[in-house]
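Chains A and B, in that order, are what the protein sequence lines are.
Going by my numbering, the first residue of the first sequence is number 80, and it counts up by one from there.
Going by my numbering, the first residue of the second sequence is number 80, and it counts up by one from there.
Note that CB positions come from ideal geometry on N, CA and C, so glycine has one too.
In this text the structure is predicted, and so the values were computed from the model without any measurement.
There are 2 protein chains.
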Amino acid sequence: MDEFALIEQFFTGRGVCRDDVLLGIGDDAAITCPDNNFELVIATDTICEGTHFLPGTPPQALGHRCLAVNLSDLAAMGAEPLWCALALSLPKAEPDWVRQFADGFFAIADRFGMALIGGDTVCGPLAVTVTVHGRVKPGQSIRRNGAQEGDSIYVTGVPGLAAAGLRVLTASGVTAKAGVPSVQRFLYPEPRVLEGRALSGLATAMIDVSDGLIADVSRLLEASGLGAEMDLASLPLAAVGTDDALELALNGGDDYELCFCVPPGNAAELKLRITDWSCPVTQIGTVQPSDDIVWFIDGQPCNTVASQFKHFS
Amino acid sequence: MDEFALIEQFFTGRGVCRDDVLLGIGDDAAITCPDNNFELVIATDTICEGTHFLPGTPPQALGHRCLAVNLSDLAAMGAEPLWCALALSLPKAEPDWVRQFADGFFAIADRFGMALIGGDTVCGPLAVTVTVHGRVKPGQSIRRNGAQEGDSIYVTGVPGLAAAGLRVLTASGVTAKAGVPSVQRFLYPEPRVLEGRALSGLATAMIDVSDGLIADVSRLLEASGLGAEMDLASLPLAAVGTDDALELALNGGDDYELCFCVPPGNAAELKLRITDWSCPVTQIGTVQPSDDIVWFIDGQPCNTVASQFKHFS
């Protein structure tokens, strides 16, 4: 275990310093000083080898991924990132591997102003659990259950792009094709943190799309107790060179895009706010008073998709 | 993965409710409202099968352990428990196993008034990561680095008892001998939360003893930049029926007792405060101005122990 304790030194004294961190890595616990003008937002996600990433995934991509999937949860609440804790389970203590992992981790942590305040390094199967802390102004969090009848439903980015990348990696090996956009998106998911925060006061409900658009749209609407009419033809599709781009977009997973609801009265303000976003934003449906979700293609209900929804609900 | 999502239902709507939890399990993240008269204390610990517990460990004991080891970190800061997040990696979704795990988890969470606010359940090798949040009055946390020359060094409980229990389990199987006190202590470590809080304003430095007394006393003194004279004869020993009780006490690990420093001027107040504690408290040494730690037996320095210390430092 001594080697694993030493490994922690790769994470000590790195990354952004924040005034609200009173004590960081090195004691039994960290101490922070939350700003009392905010609520505290907390999320935890684990990624395991084999389940959430392929064996042989570059350590830099893993360091990025374990934090990105958690930042995506903060983004989906409209929260500003603050601090994180990292629990790293490694089969062996390889300094080079850990150095690259830490590089990937701090690159994204620094970009979003997040401080690493503590964690644990243990000997075990390769897995990473990160807990993130963020903040929102009181009452300004964007939850899943706030959708209203008549709201427009939007999605950021290109759902299915990451799943297309995973397919390339599975077919041709994990180190191949790093330059392919879909592979890049799968290996380095981009949490929509600034976009999520910009939706504060504008969106009535939001979720991050991590398990596929059908599954996550269904969760949002179920939490809100409403249904929707969804327009498949409007969906931006990944240029994957195959005819199942729609299937990838609906069920692919690993997108870490945001799906959110905006009342028609806020549409003009939304249009203003998205002008400086780096990702596309597409209206893909409308919230309905029923509890059905009907997916249309060219004006016709699509039974295949409807049955998939029932499976998930 | 659907089964694993369903598994989360064993944890939803259970345990204590707290006014400072605004949104619990079920959205992308939890939301809490920290009291602005306190600092926030945060710790994360992982336990993995094979490394931190034996294969076949009763699920109830695991549910207890994953939270107890984290509560011990809060205790070592003198903090009051508030909220926790649970990341559970399971090779398969077995409802009975998870129900027993949850029983063990909530039994200790409820006892310390801690609310489960979120987490993640994934398919992977058996491992549990918990992140705990606690609070201390501003400036009242007890860190490792505050020891002063002349302070008396104390330890709670009987160091080595848990290690003795682990030896019994290893020799005779994990389900055997549940009634043996040492086995009970190993399977159900008792975090000294109330004791840690009671030391606020009294102790100058504190650490929880999880890796063995030598290792953890050394860490505390190293952080404080000081040394100590330690009195091995004073150490309470486990009645293990073998002649290596001292070895277990010094290097055993898994005790989750508290080791802390108190100035002589606070000794009378300490004596008052410990009257209602359920565990023994023993003075085991005195902080010295040098950076050496010398372990004495019956007034003679003990070279074996000294060399072990050098190994760790």
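Item to complete: Assess, as a yes-or-no matter, whether the segment 164-181 of chain B is touched by the segment 300-316 of chain B under the definition of 3 or more beta carbon pairs within less than 8 Å.
Response: no
Worksheet item: If contact means a Cβ-Cβ distance below 7 Å, which residues of the segment 285-298 of chain A contact chain B?
Response: Ile286, Asp287
Worksheet entry | Bounding residues of the beta strand (DSSP E) (the contiguous stretch that carries A/Cys163) | Looking at the DSSP string, the run of the beta strand (DSSP E) that includes A/Cys163 is 159-169.
Discussion item. Run through chain B and tell me which residues come within less than 7 Å of A/Thr123, C-beta to C-beta.
Written reply: Ala164, Ala166, Gly197, Gly198, Asp199, Thr210
Fill in: Cβ-based neighbour list, B/Pro170, same chain, cut-off 8 Å, excluding 5 preceding and 5 following
Cys202, Gly203, Pro204, Leu205
Practice prompt. Could you check the C-alpha separation between A/Ala243 and A/Asp175 for me, to the nearest Å?
Written response: 30 Å
Fill in: Own chain residues within Cβ distance below 8 Å of A/Arg276, not counting five before or after
Ala154, Gly157, Ala158, Glu159
Practice prompt. Quick one: give me the first and last residue of the beta strand (DSSP E) that A/Thr365 is part of.
Written response: 360-367
Worksheet item: Sorted by chain position, which residues of the same chain lie with C-beta nearer than 6 Å to A/Asp370's C-beta, five sequence neighbours on each side aside?
Response: Gly306
Worksheet item: Given a limit of 9 Å on CB to CB distance, which residues of the segment 313-332 of chain B reach chain A?
Response: none
Item to complete: Take B/Gly198 and list the residues in its own chain whose beta-carbon comes closer than 6 Å to its own, dropping the five residues that flank it on each side.
Response: Ala164, Leu165, Ala166
Worksheet item: If you compare alpha carbons, which of A/Thr136, A/Ile221, A/Gly135 is closest to B/Ile110?
Response: A/Ile221
Practice prompt. Compare the beta carbon distance of A/Val272 and A/Val259 with 7 Å and say whether it is the shorter of the two.
Written response: Cβ distance not < 7 Å, so A/Val272 and A/Val259 don't count as in contact.
Item to complete: Rank B/Pro343, B/Val207, B/Val373, B/Gly225 by C-alpha distance to the C-alpha of B/Arg144 and give the top, closest one.
Response: B/Val207
Worksheet item: A/Ala122 bridges to which residues according to DSSP?
Response: A/Val211
Worksheet entry | Own chain residues within Cβ distance below 6 Å of A/Val209, not counting five before or after | Cys145, Leu146, Asn149, Cys163, Leu165
Item to complete: Put B/Gly244 into one of helix, strand or coil per three-state DSSP.
Response: Of the three classes helix, strand and coil, the one that applies to B/Gly244 here is helix, per DSSP.
Worksheet item: Is DSSP giving B/Pro343 helix, strand or coil here?
Response: Three-state DSSP puts B/Pro343 in a helix.
Worksheet item: What's the gap between the Cα of A/Ala194 and the Cα of B/His212?
Response: 17 Å
Worksheet entry | chain A within 7 Å of B/Glu118, Cβ atoms only | yes
Item to complete: Tell whether a beta-carbon distance below 7 Å holds between A/Gly183 and A/Val95.
Response: no
Worksheet entry | B/Pro113 versus A/Phe132: straight-line alpha-carbon distance, rounded | About 35 Å.
Worksheet item: What residues in its chain sit with their C-beta under 8 Å from that of A/Asp377, if we drop five residues either side in the sequence?
Response: Excluding residues within five positions, the ones whose Cβ falls inside 8 Å are Ala312.
Item to complete: Please report the Cβ distance between A/Pro380 and A/Tyr335, rounded to the nearest whole angstrom; I am assuming they are in contact, meaning their Cβ atoms lie under 8 Å.
Response: In fact, because the Cβ distance is near 29 Å, the residues do not count as touching under 8 Å.
Discussion item. Suppose you measure from the CA of B/Thr200 to the CA of B/Val100; what does that come to, to the nearest Å?
Written reply: 21 Å
Worksheet item: When you check each C-beta in the segment 100-115 of chain B against every C-beta of chain A, which residues fall closer than 9 Å?
Response: Leu101, Leu102, Gly105, Asp106, Asp107, Ala108, Ala109, Ile110, Thr111, Cys112, Pro113, Asp114, Asn115
Discussion item. Using 7 Å as the threshold, is the C-beta distance between B/Ile168 and A/Cys127 below it?
Written reply: It is worth fixing the name first, because residue 168 of chain B is Ser in this sequence and not Ile. Contact flag set, yes.
Worksheet item: CA-CA distance, B/Cys340 and B/Asp230?
Response: Cα to Cα, B/Cys340 sits roughly 6 Å from B/Asp230.
Worksheet item: At which residue ranges does the segment 283-350 of chain A contain complete beta strand (DSSP E) runs of 3 or more residues, listed in the order of the chain?
Response: 284-288, 306-310, 336-341
Worksheet entry | For A/Thr361, the nearest candidate out of A/Leu314, A/Ile86, A/Leu281 (CA to CA) | If we check each option's Cα against that of A/Thr361, A/Leu314 comes out closest.
Item to complete: Please check if any C-beta of chain A sits within less than 7 Å of the C-beta of B/Lys389.
Response: A caution first: B/Lys389 carries a pLDDT of 42, below 50, which makes its placement in the model unreliable, though a value can still be read off. Output row for B/Lys389: interface = no.
Worksheet item: Taking the alpha-carbon positions, what's the B/Pro342 to B/Leu119 distance?
Response: Answer to the nearest angstrom: the Cα atoms are 26 Å apart.
Discussion item. Counting only Cβ-Cβ distances shorter than 7 Å, please list the residues of the segment 137-153 of chain A near chain B, keeping chain order.
Written reply: Listed by position, the residues of the segment 137-153 of chain A near chain B (Cβ gap below 7 Å) are Asp152, Leu153.
Discussion item. Let me see if you follow: with CB-CB separation under 7 Å, is B/Ala206 close to chain E or not?
Written reply: In the displayed structure, chain E is absent; the protein chains listed are A and B.
Worksheet entry | Cβ-Cβ separation, A/Gly239 to A/Leu351 (assumed contact under 8 Å), whole Å | So it is not a contact: roughly 28 Å between Cβ atoms.
Fill in: Interface flag, A/Glu308 vs chain B, CB-CB below 7 Å
no
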